[in-house]
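**Q** Take this structure first; my questions come after.
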Amino acid sequence: MPDDWCAHRFDHLSAELAANMPETMARMRELCPVAHSEAYGGFWVVAGYEDVLAAAQDWRTYSSAHGLSVTRAPTVVRNLPVEADPPEQRVFKRLVNPYFTPAVVAGWTKPARALVGRLLDEFLDDGACEFMDAFARPFPSLAFFELVLGAPPAEVPRVAHLASRSSVPNHPEARECWLGLYDWIKDFIAARREQPPRGDVVDAVLGAVIDGRPITDDEIIGTVQLLILGGLETTAGALGLMFHRFCREPEIPALLRARPELIPRAVEELLRLDPPFVSVGRTVVRDAELGGRTVKEGDKVLIHWASANRDAAEFADPDTFDPGRERNRHFAFGVGPHRCAGSNLARLNLRVALEETLRRMDDIALADDTEVRFHAGLTRSPLALPIVFTVRTGTS
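All you need for my numbering is the position in the sequence shown, starting with 1, plus 128.
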């Protein structure tokens, strides 16, 4: 993107940015690591690793309690706990954290692997698929509905559509989809209240006590809403971005087939290179200095995780895939108080997905004449990814 655009007209909802994000953000770090954009009434863009780390950890200056987007999405209720600051944020995060520990998530490995197998069986013999629709979106959605929410799998397509549309602040259907998601969660919660307790995260939220009072219905819906958005959208985006890279760099899947023990570290490196959660908004609540620039109370700030993940000041040879990287403090799951509570589940799903797909698929490539376009906003993923492949024999 042109230097003037980077320095003064940066637009995180731009389709051109989504298509050229690594190159554009590299120029941002070089030209203006903390830039002020005139778009959407004005906001700051934070591109460098150390500045991103400082802003994300300083919740007393950079507040999450005023929404997560520079362009305010028309949400019905707050997404909790990410649209709250400590100490309120900690109360809601403690509700969900015990249900996503490594020990709990490890128990979902076998059913997750079985689900991957069922999905692969549906299209593998065709030698081609639209990967986002055939696998990247349904796998984490079905896994989340079955293993975490205890919700009917038949509802996945509707809820996934609502979650996808509502996450784009300028989408013409955003308001309608937020309302639809609110209504679906409201009905789901009502149904769960009529069922015997399962001892899961939904039961924990339903029975929560907040500062000595029962949790409100809107707080319940806001907490479940965030679980859905995190459980469906970001893991699907990560899978799509990983397979897009596999099509362009076939030596990566070849290496992981030859050395599958590298897959857990490869997941971390692929998330660093192509995070699906690219940026997050904050509001300045007291004057401060950031990267040599003065930010004022009331200013909006866009913290760019994806840019920080490729900062050469933190990562040697930052644009290269290196599963042996000794130090990989990437921000794919955020950092600070709002670091993703579901990161262990995401890692499990991604690891199992790569183990099983690479075991059964070879020669992965984009279908002829395919131009991949990307979802633009606070998250990034291929809108569609038509691929062709060969089936590895003896791996069913």
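Virtual Cβ for every residue (Gly too), placed ideally from N, Cα, C.
Mind checking Asp439: buried by the 16 CB within 10 Å criterion, or exposed?
**A** Label assigned to Asp439: buried.
**Q** What residue does the alpha helix (DSSP H) around Met370 start on, and which one ends it?
**A** Segment Thr363 to Arg376, the alpha helix (DSSP H) holding Met370.
**Q** Taking the DSSP output, what are the residues bridged to Trp133?
**A** Trp133 pairs with nothing; no bridge assigned.
**Q** Looking at Ile317: is its Cβ nearer than 9 Å to the Cβ of Leu290?
**A** Taking 9 Å as the Cβ cut-off, Ile317 and Leu290 do not qualify as a contacting pair.
**Q** Sort out for me which residues DSSP pairs Leu399 with in a bridge.
**A** Leu399 pairs with nothing; no bridge assigned.
**Q** Could you pull out every unbroken alpha helix (DSSP H) segment of at least 4 residues lying fully inside the segment 305-364, listed in chain order?
**A** Runs of the alpha helix (DSSP H) inside the segment 305-364: 329-334 and 345-357.
**Q** With H, G and I counted as helix, E and B as strand and the rest as coil, what does DSSP make of Thr521?
**A** The answer is coil: DSSP assigns Thr521 none of H, G, I, E or B.
**Q** Between Ser192, Arg488 and Cys375, which lies nearest to Asp254 when the distance is taken from Cα to Cα?
**A** It is Arg488 whose Cα lies nearest to the Cα of Asp254.
**Q** Going straight from the alpha carbon of Pro403 to that of Leu369, what length do you get?
**A** Roughly 8 Å separates the two Cα atoms.
**Q** If you draw a straight line from the alpha carbon of Cys468 to that of Ala436, how long is it in whole angstroms?
**A** If you take the alpha carbons of Cys468 and Ala436, they lie about 17 Å apart.
**Q** On the premise that Asp415 lies in contact with Lys424, defined as a C-beta separation below 8 Å, what is that separation, rounded to the nearest angstrom?
**A** Their Cβ separation, rounded to whole angstroms, is 5 Å, which keeps Lys424 and Asp415 in contact under 8 Å.
**Q** Quick check: what's the CA-CA separation for Cys305 versus Ala394?
**A** C-alpha separation (whole angstroms): 35 Å.
**Q** How about the segment 262-276 and the segment 340-352: do they share at least three Cβ pairs that are nearer than 8 Å?
**A** Contact fails: fewer than three Cβ-Cβ distances are below 8 Å.
**Q** Out of Pro300, Leu354 and Gly340, which one is the CA nearest neighbour of Leu309?
**A** The shortest Cα separation from Leu309 among Pro300, Leu354 and Gly340 belongs to Leu354.
**Q** Please state whether DSSP places Phe405 in a helix, a strand or coil.
**A** Note: Phe405 maps to strand in three-state DSSP.
**Q** Smallest Cα separation from Ser509: which of Leu307, Cys160, Ala167 and Arg373?
**A** That would be Arg373, whose Cα lies nearest to the Cα of Ser509.
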